[in-house]
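*Asks:* First residue of the sequence shown? That's 19 in this note's numbering, and the numbers climb one at a time after it.
Quick reminder that beta carbons are idealized off the backbone N, C-alpha and C, glycines included.
Shown below is the structure under consideration.
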Amino acid sequence: MNDGKLVRRLKCAGLAFVLGFAGVWALPRTAAAVDRTYEQLKILVDILDYIQENYVEEIETKKLIYGAAAGMVKVLDPFSQFMDPELHKDLKTETEGQFGGLGIRIGMREDWLTVITPMPGTPAFKAGVLPEDRIIKIEAESTKGLSLVEAVKKLRGAPGTKVAFTVARAPEEDGKDSKKEWTTQDFTLVREVIKIESVQSRLLSDKVGYLRIIEFSAHTSEDVYKGLSKLVKDGASSLVLDLRNNPGGLLTAAVDVSSDFLGDNKLIVYTQGRRPESRQDFRGGSKAPFGNLPMVVLVNEGSASASEIVSGALQDHRRAVIVGDRTFGKASVQSVIPLGDGSGLRLTVAKYYTPNGRSIQRDEKKNTGGITPDIVVPVDRETEIKLQISQNDEVFTPPVKDAKDAKDAKPAAKEGSKDKPGAKEKEPVKDVVLERAVELLKAREVLGSLKPTDG
19 MNDGKLVRRL KCAGLAFVLG FAGVWALPRT AAAVDRTYEQ LKILVDILDY
69 IQENYVEEIE TKKLIYGAAA GMVKVLDPFS QFMDPELHKD LKTETEGQFG
119 GLGIRIGMRE DWLTVITPMP GTPAFKAGVL PEDRIIKIEA ESTKGLSLVE
169 AVKKLRGAPG TKVAFTVARA PEEDGKDSKK EWTTQDFTLV REVIKIESVQ
219 SRLLSDKVGY LRIIEFSAHT SEDVYKGLSK LVKDGASSLV LDLRNNPGGL
269 LTAAVDVSSD FLGDNKLIVY TQGRRPESRQ DFRGGSKAPF GNLPMVVLVN
319 EGSASASEIV SGALQDHRRA VIVGDRTFGK ASVQSVIPLG DGSGLRLTVA
369 KYYTPNGRSI QRDEKKNTGG ITPDIVVPVD RETEIKLQIS QNDEVFTPPV
419 KDAKDAKDAK PAAKEGSKDK PGAKEKEPVK DVVLERAVEL LKAREVLGSL
469 KPTDG
């Protein structure tokens with residue numbers, strides 16, 4: 019079919035759209051709405067017709083239609099997207115085989131690609147990429163207007179190959195110099211096959227267990243249960259659940275982990291689309307194997323999606339104290355709809371809400387969304403970088419109460435380094451958020467042991 023015939027068919031389709039509603043012309047409001055829709059569609063067809071007849075160069079009609087579809091979807095939100103057949107095929111097959119990546123989770127913030135979090139042990143983590151960094155260039159090309167799927171495609175590649183990108187980093191808010199400007203930093207990293215250890219756990223001092231979930235994958239629920247069981251067996255009487263820099267993952271894993279702490283089939287999260295009947299509830303089990311374990315949950319700006327579901331549910335049910343900084347606020351539900359010619363539509367169809375009805379999805383204009391901790395403990399950028407490096411080197415220094423604990427908490431020496439005479443020992447990084455959590459659990463235990471006296 020030539021382009022002229024296609025344009026005429028589009029015009030006929032617009033007319034058929036109106037005639038298809040002939041049976042409701044008796045309803046003035048509906049008729050007016052249909053008439054307005056046709057007039058708006060007619061503008062699009064007229065533009066297409068005018069370009070075909072008068073543009074300085076001949077251009078393929080399909081390219082124009084794809085561009086119009088992409089522009090139509092782009093005005094909705096950062097996560098909805100029209101995908102041409104090639105991009106749609108890439109999305110469908112991205113979980114097959116091995117892919118080289120940098121180990122970062124990205125989202126959109128103020129129309130810019132924004133790092134949610136770098137994953138521990140990955141190239142991006144080792145290089146010092148931080149949550150909230152904006153990726154402004156990939157291979158020297160601006161990312162302004164680039165979709166999430168397109169950005170992932172550019173950042174991924176064969177393991178062992180390199181990719182260059184530039185990030186913009188916000189200035190520290192120290193209240194002293196309001197004229198500080200954003201800084202930029204260039205990275206050239208080698209792609210690797212990303213393999214993430216989902217759960218880490220250890221026993222801290224004073225019978226406080228520590229469990230860190232790095233992301234919510236298929237085996238997270240099972241690994242969390244094993245980790246918690248071992249901690250309790252080793253004597254843990256309270257728990258710090260660390261969800262900092264956890265970008266999320268599987269909804270089912272988040273529901274299962276929450277269910278470990280919430281019994282009685284309590285509501286954990288629900289999704290809500292435009293229509294009232296589209297609501298879908300996700301509940302925990304009837305019993306919670308660790309329902310009586312006092313706990314504090316750690317979050318920060320790198321906590322997103324599934325980690326926000328868990329922390330939001332535990333906060334709404336007053337099951338845990340949330341400590342740290344406000345979370346990222348990424349919680350919208352997308353469906354991928356295949357189209358006739360192999361292209362696809364990725365469309366936001368619902369949003370996540372906490373049990374109390376709070377929208378997790380962040381709205382910058384209204385300053386809503388994300389999970390705001392019960393106790394806010396902000397951490398400056400410099401400390402965040404040091405904490406990342408220390409975690410990558412497996413240096414972990416828990417809060418201690420006496421010399422014996424300090425001796426026990428000392429990281430194991432690495433062969434050929436710290437035990438050698440004159441070797442410089444790495445200085446442990448103070449984790450103020452973790453310290454605050456342990457203090458809260460200690461205080462709870464002390465207060466719980468107090469008894470009133472006769473006066």
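Looking only at DSSP bridge pairs, what is residue 180 linked to?
*Replies:* 208
*Asks:* Quick one: grab the DSSP three-state call for residue 187.
*Replies:* strand
*Asks:* By DSSP's criteria, residue 101 is part of a beta bridge. Which residues make up the other side?
*Replies:* Bridge partners of residue 101: 362.
*Asks:* Is the CB-CB distance between residue 226 and residue 256 below 8 Å?
*Replies:* yes
*Asks:* Spatial neighbours of residue 334 within its chain, please: C-beta separation below 8 Å, excluding the five flanking residues on both sides.
*Replies:* 372, 373, 374 and 376
*Asks:* Is residue 219 helix, strand or coil when you go by DSSP?
*Replies:* strand
*Asks:* Could you tell me the alpha carbon to alpha carbon distance between residue 249 and residue 231, rounded to whole angstroms?
*Replies:* Their backbone Cα atoms lie some 15 Å apart in a straight line.
*Asks:* At which residues does the beta strand (DSSP E) containing residue 132 begin and terminate?
*Replies:* Boundaries of the beta strand (DSSP E) around residue 132: 130 to 136.
*Asks:* State buried or exposed for residue 138, treating a residue as buried only when at least 16 other CB atoms are found within 10 Å of its CB.
*Replies:* buried
*Asks:* My understanding is that residue 276 touches residue 302, with C-beta atoms under 8 Å, so please give their C-beta distance in whole angstroms.
*Replies:* 6 Å
*Asks:* Quick one: what's residue 159 bridged to in DSSP?
*Replies:* 156
*Asks:* Pick out the complete alpha helix (DSSP H) segments inside the stretch 304 to 376, 4 residues or longer, and give them in chain order.
*Replies:* 324 to 334
*Asks:* Comparing alpha-carbon positions, which option in 403, 464, 459 and 460 lies nearest residue 446?
*Replies:* Out of 403, 464, 459 and 460, 403 has the C-alpha closest to the C-alpha of residue 446.
*Asks:* In angstroms, rounded to a whole number, what distance separates the CA positions of residue 188 and residue 200?
*Replies:* Cα-Cα distance, rounded: 5 Å.
*Asks:* Can you tell me where the beta strand (DSSP E) holding residue 124 begins and where it ends?
*Replies:* 122 to 127
*Asks:* Three-state secondary structure (DSSP) at residue 201?
*Replies:* Correct three-state label for residue 201: strand.
*Asks:* Quick check: the Cα distance between residue 458 and residue 258, rounded to an integer number of angstroms?
*Replies:* 10 Å
*Asks:* Cβ of residue 342 within 8 Å of Cβ of residue 170?
*Replies:* For residue 342 and residue 170, no; Cβs fall outside 8 Å.
*Asks:* Rounded to whole angstroms, what is the Cα-Cα separation between residue 73 and residue 325?
*Replies:* 50 Å
*Asks:* For residue 17 versus residue 153, is the C-beta spacing smaller than 8 Å?
*Replies:* The question about residue 17 has no answer, for the chain in this structure spans 19 to 473.
*Asks:* Starting from residue 238 and walking both ways along the alpha helix (DSSP H), at which residues does that stretch end?
*Replies:* 238 to 251
*Asks:* Looking only at its own chain, which residues have a Cβ that is under 8 Å from the Cβ of residue 267, when we skip the five neighbours before and after it?
*Replies:* 233, 234, 235, 238, 323 and 324
*Asks:* Among 290, 144 and 297, which residue has its Cα nearest to the Cα of residue 205?
*Replies:* For the set 290, 144 and 297, the Cα lying nearest the Cα of residue 205 is the one of 144.
*Asks:* Expressed to the nearest angstrom, what Euclidean distance is found between the alpha-carbon atoms of residue 198 and residue 400?
*Replies:* 16 Å
*Asks:* Cα-Cα, which of 315, 184, 309 and 395 is closest to residue 228?
*Replies:* 315
*Asks:* Counting along the chain, where does the beta strand (DSSP E) carrying residue 274 start and finish?
*Replies:* Boundaries for residue 274: no beta strand (DSSP E) harbours it, while the alpha helix (DSSP H) harbouring it runs 269 to 277, taken from the DSSP string.
*Asks:* What residues in its chain sit with their C-beta under 6 Å from that of residue 352, if we drop five residues either side in the sequence?
*Replies:* 97, 364 and 366
*Asks:* Taking just the CA atoms, how far does residue 100 sit from residue 87?
*Replies:* 6 Å
*Asks:* Pull up the DSSP beta-bridge partners for residue 296, would you.
*Replies:* According to DSSP, which records beta bridges pairwise, residue 296 is partnered with nothing at all.
*Asks:* Could you check where the beta strand (DSSP E) with residue 231 kicks off and where it finishes?
*Replies:* 226 to 231
*Asks:* Looking only at C-alpha atoms, which of 147, 146, 104 and 165 sits nearest to residue 128?
*Replies:* Per the Cα distances, 165.
*Asks:* Whole angstroms are fine: how far does the CA of residue 306 sit from the CA of residue 345?
*Replies:* 26 Å
*Asks:* Tell me whether the beta-carbon of residue 270 lies closer than 8 Å to the beta-carbon of residue 370.
*Replies:* no
*Asks:* With a threshold of 6 Å on Cβ separation, who are the neighbours of residue 125 within its own chain once the five nearest residues in sequence on each side are excluded?
*Replies:* 132, 134 and 348
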